[in-house]
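**Student:** Pasting a structure here, questions to come.
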Amino acid sequence: MEVSNFLKKHYKHFNAASLIDAAEGYKTHLNNSGKMLVTLAGAMSTAEMGIILAEMIRQDKIHAISCTGANLEEDIFNLVAHDFYERVPHYRELSAADEEELLSRHLNRVTDTCIPEEEAMRRLEHTVLKYWVKADEAGESYFPHEFFYQILLSGDLEQYYQIDPKNSWMLEAAKKNLPIICPGWEDSTLGNIYAGHVISGDVKNVHTVKTGIQYMMELAEWYTNTAKEESTIGFFQIGGGIAGDFPICVVPMLHQDLQRDGVPLWGYFAQISDSTTSYGSYSGAVPNEKITWGKLGKETPKYMIESDATIVAPLIFALVLDM
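The sequence shown: position 264 = 858 (the numbering used here), numbered continuously.
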């Protein structure tokens, strides 16, 4: 309780107070038999969010995840190639020539962290290609995360593990067969690699990996079935972008496009955002705007913390875990 007690003592006002409120609301939602969908934008896995996210999954504080394709693969990159990563704390001072030097060493930079191409991306490609080809030849198709689940549960990558596996959120999710939604997976390193293997003919059917539309259909089924269990479903959004914008739309789709009655709105909403509405960013829209789109209701608990997600999310999760 040391972290929680510190936060409750010092975080009294402004964004700090919103952090506490969002965490307490999260706990109240779960205590009332609610379920929680968490969305991960950007490169949260490269920021090693998996350390605390895996614990949240283990303790059943998260019941579904929507994330970018980058977050899926980068958690596994970190799992198998952590010792080859290079941190560049002075990244703001890099010149174009410095960036080219990193490229020449096959180091792909994500803010202050460089991901090693050979040890991370090519290592995972070598393994996942076997699974893509096997499914393709059998006429089967799976979602991107399902292929990763198959690989992680098979143990094929265990020889390469370079972190404590309990800190991999994808491995923990695979063990629980956690529902994952990954809209726009095509916009990821493995998505590009998959397209290359389809173009080259290694994979014959482009639909061997299922698409975003199928992800929305899967989410609609999960939301409907979970809501039938009289569990309200909360929405905890880390960052913005497609990881958050895509899944929140499932409720108005069920209401307006499928004309279904009795589908509950999201029962809790919180977002950690560093975006602003003044630039026309949907990701920075305040929660009340979502009322007009049939996503939230006027009584839905709503929280917005305008800050850095890499700082805020672990603190909120620490509060939820009573750390």
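For each residue, glycine too, the CB sits at the ideal point set by N, CA and C.
Can you name, in chain order, every residue of its own chain whose Cβ lies under 6 Å from the Cβ of Q831, other than the five neighbours on each side?
**Tutor:** Cβ neighbours of Q831 beyond the five flanking positions: T633, G838, Q865.
**Student:** My assumption, with CB atoms under 8 Å, is that G856 sits in contact with I827. Please give the rounded CB distance.
**Tutor:** Not quite, the Cβ-Cβ distance comes to about 14 Å (not below 8 Å), so this is no contact.
**Student:** Helix, strand or coil, according to DSSP, for S748 in the structure here?
**Tutor:** helix
**Student:** Tell me which same chain residues have a C-beta within less than 6 Å of the C-beta of A675, skipping the five on either side of it?
**Tutor:** Around A675, the same chain offers P710, E713, A714 as residues with beta carbons nearer than 6 Å, after the five sequence neighbours per side are excluded.
**Student:** Could you check the C-alpha separation between S869 and F911 for me, to the nearest Å?
**Tutor:** 21 Å
**Student:** At the level of alpha carbons, what is the spacing between G733 and N799?
**Tutor:** Rounded to whole angstroms, G733 to N799 spans 8 Å at the Cα level.
**Student:** One question on the structure: do D801 and L723 come within less than 8 Å of each other, judged by their Cβ atoms?
**Tutor:** A small fix is needed here, since residue 801 is His in this sequence, not Asp. No, Cβ-Cβ distance for H801 and L723 is not below 8 Å.
**Student:** How would you write the range of the beta strand (DSSP E) that I899 sits in, first residue to last?
**Tutor:** 896–900
**Student:** What does the Cβ neighbour count give for E731, buried or exposed, with the cut at 16 atoms within 10 Å?
**Tutor:** exposed
**Student:** Do E694 and T783 have their C-beta atoms within less than 8 Å of each other?
**Tutor:** For E694 and T783, no; Cβs fall outside 8 Å.
**Student:** Does the structure place the region 760–778 close enough to the region 657–664 that three or more beta carbon pairs sit under 8 Å?
**Tutor:** Contact annotation: the region 657–664 touches the region 760–778, with at least three C-beta pairs closer than 8 Å.
**Student:** Quick check on P683: does DSSP put it in helix, strand or coil?
**Tutor:** Annotated three-state conformation of P683 is coil, per DSSP.
**Student:** Measuring CA to CA, which of F671, K822, N626, S639 is closest to L746?
**Tutor:** Of the candidates F671, K822, N626, S639, the residue whose Cα lies closest to the Cα of L746 is F671.
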